[in-house]
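Numbering (our numbering), first residue to last: 4 to 379.
Built from N, CA and C at the ideal position, the CB exists for glycine as well.
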């Protein structure tokens, strides 16, 4: 791929207030998506075969990978317009789950999520990274992960409660309304003149870092199916499921913040690339053998806390190396993540098709997550 030309100048002075405003946008976005999206698969599996339900994420991630390719042509794309369309499409996806039959929700919801991912997150990640410096980068990028996961402590619990008390259609409609409100806030926060030119630059990223991102994407894709389905098989109480998802998010959020701050203080990133994957493998094995709710919750809580360690550091290391071309960083990373998510889900579907159960997917997670240690 053609390398992106150096961008003049790559950064402006980091502003704490600006960073917090962007985090607020991420927090509302996370809340709306986690409150409802956590239950998309749960809802579909209650009506459809779980292999059909899994196609939701296959469609979503393939669409997202294609979307990144279409956006990464080196032409300036207005950030506000891109984020607006992405948020509007995601809101439509939530409404599709509220009002369309389940089969159609798989297709429309998957397409909506896939369109939303690059349109919203390519400019959002570029804006966020621009508010960092080498002195605070790991902590601030971990803060983004922590915002996403910490907000998700509350959102699934509320989502589970609403699913039980007023039903899934109301829950999904509320998620759509929250995203529509965030759309208005995004348009007020992002200046009209803000734009980014995206390119995919695999050569400059390097093969080892690319494989590490592939590992992260593979883990994301497999867990998007394994965790909600594994939990659903152990309890069908939506409120209890919400509590479980909240526990997993809390564990991930704590780990992201603490280790990000430690990394900035000791000025070292590499040790965390090995620590997270290695500690995750025993948790995957425990999740595979668990068949009761208590041990499964412990295993996934452990996995959530350790699996979040390496990804933010991989991203930090890459930004440190390519900080003169942030749009290329975000586009290349997003393309690899969504492609590997799709490939991993296909592999998971093959495991299920040949007689493996949902918990066998955690064996795949345990193997794929080791790729994250290859980042350089």
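In whole angstroms, what is the alpha-carbon distance linking residue i and residue j?
i, j, result
"residue 14", "residue 91", "Because the pLDDT at residue 14 is just 41, under 50, the model does not fix this residue reliably, and the value given afterwards should be weighed accordingly. Computed Cα separation, rounded: 29 Å."
"residue 187", "residue 83", "10 Å"
"residue 165", "residue 288", "33 Å"
"residue 201", "residue 312", "27 Å"
"residue 159", "residue 37", "6 Å"
"residue 73", "residue 59", "21 Å"
"residue 353", "residue 81", "40 Å"
"residue 329", "residue 339", "16 Å"
"residue 366", "residue 346", "16 Å"
"residue 53", "residue 362", "13 Å"
"residue 40", "residue 75", "27 Å"
"residue 26", "residue 77", "27 Å"
"residue 371", "residue 239", "29 Å"
"residue 220", "residue 276", "15 Å"
"residue 359", "residue 350", "11 Å"
"residue 356", "residue 364", "12 Å"
"residue 179", "residue 198", "26 Å"
"residue 203", "residue 130", "18 Å"
"residue 57", "residue 284", "24 Å"
"residue 108", "residue 142", "38 Å"
"residue 222", "residue 146", "21 Å"
"residue 294", "residue 286", "14 Å"
"residue 69", "residue 331", "16 Å"
"residue 51", "residue 308", "31 Å"
"residue 21", "residue 169", "38 Å"
"residue 4", "residue 157", "In this predicted model, residue 4 has a pLDDT of only 39, less than 50, meaning its place in the structure is not dependable; the value taken from the coordinates is given anyway. For residue 4 and residue 157, the distance between alpha carbons rounds to 42 Å."
"residue 292", "residue 235", "16 Å"
Give me whichever residues DSSP pairs with residue i in a beta bridge.
i, result
"residue 199", "80"
Measuring CA to CA, which of the options is closest to residue i?
i, options, result
"residue 376", "360, 279, 364 and 352", "279"
"residue 214", "60, 111, 113 and 321", "321"
"residue 134", "24, 290 and 369", "24"
"residue 228", "152, 42, 28 and 50", "42"
"residue 299", "31, 88, 360 and 230", "230"
"residue 45", "148, 370, 175 and 365", "175"
"residue 105", "55, 138 and 79", "55"
"residue 120", "101, 96, 142 and 138", "96"
"residue 35", "128, 152 and 237", "152"
"residue 171", "140, 100, 129 and 235", "100"
"residue 211", "128, 179 and 318", "318"
"residue 305", "294, 281, 324 and 325", "281"
"residue 194", "162, 127 and 169", "127"
"residue 94", "112, 297, 30 and 103", "112"
"residue 102", "85, 137 and 177", "177"
"residue 181", "196, 169 and 162", "162"
"residue 123", "85, 136, 156 and 169", "85"
"residue 137", "51, 331 and 325", "325"
"residue 196", "21, 79, 22 and 57", "79"
"residue 185", "169, 235, 28 and 61", "28"
"residue 98", "156, 173, 169 and 157", "173"
State the CB to CB distance for the pair residue i and residue j, rounded to an integer number of angstroms; the pair is presumed to be in contact (CB under 8 Å).
i, j, result
"residue 144", "residue 315", "5 Å"
"residue 224", "residue 348", "5 Å"
"residue 154", "residue 33", "4 Å"
"residue 189", "residue 87", "7 Å"
"residue 71", "residue 341", "7 Å"
"residue 302", "residue 310", "Rounded, the Cβ-Cβ distance is 12 Å, inconsistent with contact."
"residue 217", "residue 374", "6 Å"
"residue 89", "residue 118", "7 Å"
"residue 114", "residue 66", "6 Å"
"residue 150", "residue 30", "5 Å"
"residue 140", "residue 323", "7 Å"
"residue 344", "residue 64", "4 Å"
"residue 192", "residue 237", "Contact doesn't hold; Cβ gap of about 41 Å is too wide."
"residue 226", "residue 368", "6 Å"
Taking 7 Å as the CB-CB limit, is residue i close to chain C?
i, result
"residue 359", "Included in the structure is just one protein chain, with no chain C present."
Cβ contact check for the region 203 to 223 and the region 325 to 338: 3 or more pairs under 8 Å: Judged by Cβ distances under 8 Å, the region 203 to 223 makes contact with the region 325 to 338, as three or more pairs qualify.
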